[in-house]
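Residue numbers (the numbering used here), protein chains in the order written: chain A, 1 to 570; chain B, 1001 to 1570.
What follows is one structure encoded as structure tokens, with my remarks underneath.
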């Protein structure tokens, strides 16, 4: 029976960086060769990165992508890697329009190519806006094994390309993916891949992207399953990884080409069966991370890649002594190392002693750079000159802090992090140009109650490893306060966070309406009050910096309400 | 031959305001009745406003829309308007999903309904994300006249619904639209409507929305054409308007129902022919506005509706004495009246005497409220405490001004306007949290050279009317400067605006690539420099407030590049 060793290269590409991504493909193809692989699969659109957004419709970029693909084929050949069949996703632009495509490179040439058929157009995806669908399938024979391909969403459809590949007869399906992380999504991927392997009647090798790209973070979690639903191998989450898998495939199926259902099937010959060799042991099956660990790694990865891919080396933010900035500090230290993290305590006359001491305590625990810059002098110029009172006086404090951080950013080159959480953002409990200042907002999609859970989880992890827990216990236990007037606490303006978050989870993440929420047992006055706050805060949310998305309904690119909006629930 | 008097109600709806929009329909149906109309057509999705964005997928909103439609039918009947066939666009949500729909209300009931077939998914449109397409056409017989309907984009397709209506046999096509303003777009609408009227073999009545909705502004420009391409009537741009048109139609065509091509055609009876009556004279054919006048009205309408629909009564912004803030001031005075406009001169030690005197001159000319608030004390606290130099010192001046305006906004309830233009935004010549502060940016989509043209045009208009030209001549003629360091002028950092704008027009609006631009004769070093500036500035542009869109490639909702972006042209 024909043997084939494949490699799944779960790598971290950067959108737009064609030459960097091409180098990544060469480097990992070399690793695949060192592992003895005959075929290597890279993630969806690895050559351009994903998602390219409006770069998809810039013809100079599409031309550069196609040229980079041809050039990559030659580079692989010149590097002595031309005999490995290399599956590389890229942006094609043909007479029909832009395409989300993948090619097979071999012997210095592009020997096969295929365009994605099912174009997702929901959630974070706008592919029907950007791409035209494909309707052909190129099946390549490698080592006498017939290998078909299904690009990402093409897997998620019943009676789609995998079904046609099954009808055409394939021995193996490889699937390049760029499937962003969402909490609990790994629970969906494995059953899906199992279903499609059964449909194709062949093993399925699912290779996913890893790393952060603006608001998205890709978790990897690449998989290989047998046609009878056995999990052969699983890659770890949030790290680059090469998975090697040996197949010994039955062959001898009926092979067809030409029009099969909605698809035109072409056969491409690369190589016949090779002499028998000693297979590798089965690859590891890495366990998915626990819920908190998974979220923590998603946030760390999203933050690190945003900072580094945008050319920054260090970050700065306000350290208030509260839980949000403490968690952001711990994330930043995990992502970048303590020496790249600058926490600024910016006390006002309303700041409590514990604000300053808890911030100092956190700095000692984590080793980050700590500075104190009082804001009293800035605030008093504004308050006195403009005669500000009430909310205007509260806001100017937050804004003086924002401007102070931007001044330090401009002077020293740090990226400013905004430390707000999803609960605040939902109800608009945030000052535009104040605490909303920054280039990135690491916990933008994390509800306050989850911020607390993550803090406890991270401290426990540290204890398990015999390290100092990064987050001061007092930041976890004291009542949250914005400290913009004397004795202020969050519960002056907001319901208790347990109650608020359970309501927001249903209204924001669950898209449930006013009447549903009352039927679910929430106090009608509370529902009215919270829904009005959420609906009013759209402008503030739009002005908030991007942040790592961990849920379907993050406030960001895939969620857009009108600003001018006369609709009120209830 | 059967007679029919129709009314096109070119009205200004507000997204989400179901009860306000329903009242609008009742009020304008009453006007139509007063004009003796038998049928009245409202714009696309008039009941919900357009575009509803993510409200489309909120089931509570879709339910409320459907209920509001039924309730509107009853209200019309109760108001004695039930005998007018009223064509009303709304959001439907049936077993297939959300729909962009329009219904015919008559006798207190919904007698016909139809869902948009062609869902645009480019530019400002995301309809394939939000709606499911329809495949049926309801043709209603009113006064013995067969009236078919084509919703907006359904007109823009060859061999689409209008062709099917022609095959089915109709005497008249009505078309509800929500077609946003774009410079020179009225040049496209009339030939299109003429082509479709010929395809349907019937007159076509095109009713468009008017007014501002966030970044979009709808210009009206409703049209009626005969099947032989004669322009029967044309409504004015940027104002609400009722157009009454009498038809005396041949009838006697072959009428079909059932499946016709891709559409299922239903026939609905409302009324037979009525006794002959004296027709009205033909409606007026309003001339389209000149280019500058059209842009000026678009900007005034967009600004006024954004301010009022969001519940503000007044605006505040920095008056620097320069051309941008002068044009914003003149727009704001035209949109809101001088008493609602607050201009603040915020001099620093680098401000020239002419900055202060030109700002004062503008205030005198327009009658807006004028205040001077020096920023020296705020700036020196930051510069001294944080030891800011160079760019950090320049930026803190712009930011102190932004915070000052926000303080006044919070204290007095004015909406802050950002005064930046498209050329600055394109190349990132703007300070985030500085001059970018605000809730709305009226000239965000206006290149600097067009800002100058508009200023001259507005002054000339004033002279024609015997009024004081609003914009000081010196603001038009002096060299532009940010005045953030001694003797600074824009040309220190940027090419001459004539050259810059011609390059940006090709690169931004025209999506032309690096090599194309050099082939077009631009200096390669200049192309490199400008393209790098544009590509780098995406984050700044995203943080800029919304502003009235006047071009296809405005920086806003329909244009989205990655922030983390390794692609560089050239």
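Every residue gets a Cβ at the ideal spot worked out from N, C-alpha and C, and that includes glycine.
In this text, all values refer to a predicted model and were calculated from it rather than measured experimentally.
Exposure of residue i, with buried meaning 16 or more beta-carbon neighbours within 10 Å
{"i": "residue 1281 of chain B", "result": "exposed"}
{"i": "residue 548 of chain A", "result": "buried"}
{"i": "residue 272 of chain A", "result": "exposed"}
{"i": "residue 1553 of chain B", "result": "buried"}
{"i": "residue 1034 of chain B", "result": "exposed"}
{"i": "residue 471 of chain A", "result": "buried"}
{"i": "residue 1015 of chain B", "result": "buried"}
{"i": "residue 1546 of chain B", "result": "buried"}
{"i": "residue 464 of chain A", "result": "exposed"}
{"i": "residue 538 of chain A", "result": "buried"}
{"i": "residue 1277 of chain B", "result": "exposed"}
{"i": "residue 1284 of chain B", "result": "exposed"}
{"i": "residue 73 of chain A", "result": "buried"}
{"i": "residue 1564 of chain B", "result": "buried"}
{"i": "residue 1487 of chain B", "result": "exposed"}
{"i": "residue 1 of chain A", "result": "exposed"}
{"i": "residue 52 of chain A", "result": "buried"}
Span of the beta strand (DSSP E) around residue i
{"i": "residue 586 of chain A", "result": "Residue 586 of chain A lies beyond the range of chain A shown here (1 to 570); nothing can be said about it."}
{"i": "residue 248 of chain A", "result": "241 to 248"}
8 Å CB neighbourhood of residue i in its chain, flanking five on each side removed
{"i": "residue 1069 of chain B", "result": "1047, 1088, 1090, 1103, 1105, 1110"}
{"i": "residue 127 of chain A", "result": "100, 116, 119, 120, 121, 153"}
{"i": "residue 173 of chain A", "result": "147, 148, 149, 150, 162, 165, 196, 197, 200, 202, 203, 204, 205"}
{"i": "residue 1566 of chain B", "result": "none"}
{"i": "residue 1503 of chain B", "result": "1495, 1517, 1522, 1526, 1527, 1530"}
Same chain, Cβ closer than 7 Å to residue i, neighbours up to 5 away in sequence not counted
{"i": "residue 1349 of chain B", "result": "1376"}
{"i": "residue 1170 of chain B", "result": "1139, 1146, 1147, 1148, 1200, 1202"}
{"i": "residue 32 of chain A", "result": "7, 9, 40, 84, 242"}
{"i": "residue 1330 of chain B", "result": "1366, 1458, 1470, 1471"}
{"i": "residue 568 of chain A", "result": "532, 535"}
{"i": "residue 1437 of chain B", "result": "1402, 1405, 1406, 1416, 1418"}
Extent of the continuous alpha helix (DSSP H) to which residue i belongs
{"i": "residue 115 of chain A", "result": "Counting along the chain, residue 115 of chain A falls outside any alpha helix (DSSP H), though it belongs to the beta strand (DSSP E) covering 109 to 115."}
{"i": "residue 1452 of chain B", "result": "1448 to 1464"}
{"i": "residue 130 of chain A", "result": "127 to 130"}
{"i": "residue 1148 of chain B", "result": "Residue 1148 of chain B -> not in any alpha helix (DSSP H); beta strand (DSSP E) instead, spanning 1145 to 1149."}
{"i": "residue 77 of chain A", "result": "59 to 78"}
{"i": "residue 1423 of chain B", "result": "1422 to 1427"}
{"i": "residue 1292 of chain B", "result": "1291 to 1309"}
{"i": "residue 1539 of chain B", "result": "1538 to 1543"}
Close-in-space but distant-in-sequence residues of the same chain around residue i (CB under 6 Å, 5 per side omitted)
{"i": "residue 424 of chain A", "result": "430"}
{"i": "residue 1338 of chain B", "result": "1366, 1367, 1368"}
{"i": "residue 229 of chain A", "result": "194"}
Quiz item: What are the residues of the region 1034 to 1055 of chain B that lie near chain A, defined by any Cβ-Cβ distance shorter than 8 Å?
Solution: 1049, 1051, 1052, 1053, 1054, 1055
Quiz item: Which residues, taken in chain order from the region 385 to 410 of chain A, show a beta carbon closer than 9 Å to some beta carbon of chain B?
Solution: Answer set for the region 385 to 410 of chain A: 385, 386, 387, 388, 389, 390, 391, 392, 393, 394, 395, 396, 399, 400, 402, 403, 404, 406, 407, 408, 409, 410.
Quiz item: Below 8 Å, can you find three or more Cβ-Cβ pairs linking the region 179 to 193 of chain A to the region 136 to 148 of chain A?
Solution: With a cut-off of 8 Å, the region 136 to 148 of chain A and the region 179 to 193 of chain A do not count as touching, because too few Cβ pairs lie within range.
Quiz item: Between the region 253 to 270 of chain A and the region 124 to 144 of chain A, do three or more beta carbon pairs fall short of 8 Å?
Solution: The region 253 to 270 of chain A is in contact with the region 124 to 144 of chain A.
Exercise. Determine which residues of the region 1113 to 1136 of chain B have a Cβ less than 8 Å from any Cβ of chain A, and write them out in chain order.
Key: Hits within the stretch, in order: 1121, 1122, 1126, 1128, 1129.
Self-check item: Stretch-stretch touch, CB-based, cutoff 8 Å, three pairs: the region 440 to 453 of chain A with the region 525 to 535 of chain A
Solution: no
Quiz item: Taking Cβ-Cβ distances below 9 Å as the criterion, which residues of the region 511 to 533 of chain A are in contact with chain B?
Solution: Those would be 511, 512, 513, 514, 515, 516, in chain order.
Quiz item: Do the region 381 to 396 of chain A and the region 1404 to 1412 of chain B make contact, defined as three or more Cβ pairs closer than 8 Å?
Solution: yes
Quiz prompt | Three-pair Cβ contact test at 8 Å for the region 240 to 255 of chain A versus the region 7 to 14 of chain A | solution = yes
Self-check item: Against chain B: residues of the region 282 to 315 of chain A by CB proximity under 9 Å
Solution: 305, 306, 309, 310
Exercise. Mind the definition here: the region 456 to 463 of chain A touches the region 280 to 296 of chain A only if three or more C-beta pairs lie below 8 Å; say whether that holds.
Key: yes
Quiz item: Counting pairs of Cβ atoms below 8 Å between the region 1429 to 1438 of chain B and the region 1497 to 1506 of chain B, do you hit three or more?
Solution: Contact annotation: the region 1429 to 1438 of chain B does not touch the region 1497 to 1506 of chain B, with fewer than three C-beta pairs closer than 8 Å.
Practice problem: Compile a chain-ordered list of the residues in the region 437 to 456 of chain A whose CB is closer than 9 Å to at least one CB of chain B. | Solution: Hits within the stretch, in order: 437, 439.
Exercise. Using a Cβ-Cβ cut-off of less than 7 Å, give me the residues of the region 1555 to 1570 of chain B that come near chain A, in sequence order.
Key: 1559, 1560, 1561, 1562, 1563, 1564, 1565, 1566, 1567, 1569
Quiz item: Taking Cβ-Cβ distances below 8 Å as the criterion, which residues of the region 1373 to 1385 of chain B are in contact with chain A?
Solution: Of all residues in the region 1373 to 1385 of chain B, only 1373, 1377, 1378, 1381, 1382, 1385 place a beta-carbon less than 8 Å from a beta-carbon of chain A.
Practice problem: Report yes or no: do the region 1306 to 1316 of chain B and the region 1412 to 1419 of chain B share at least 3 C-beta pairs separated by less than 8 Å? | Solution: yes
Quiz prompt | Inter-stretch contact at 8 Å, needing at least 3 Cβ pairs: the region 501 to 513 of chain A / the region 1049 to 1065 of chain B | solution = yes
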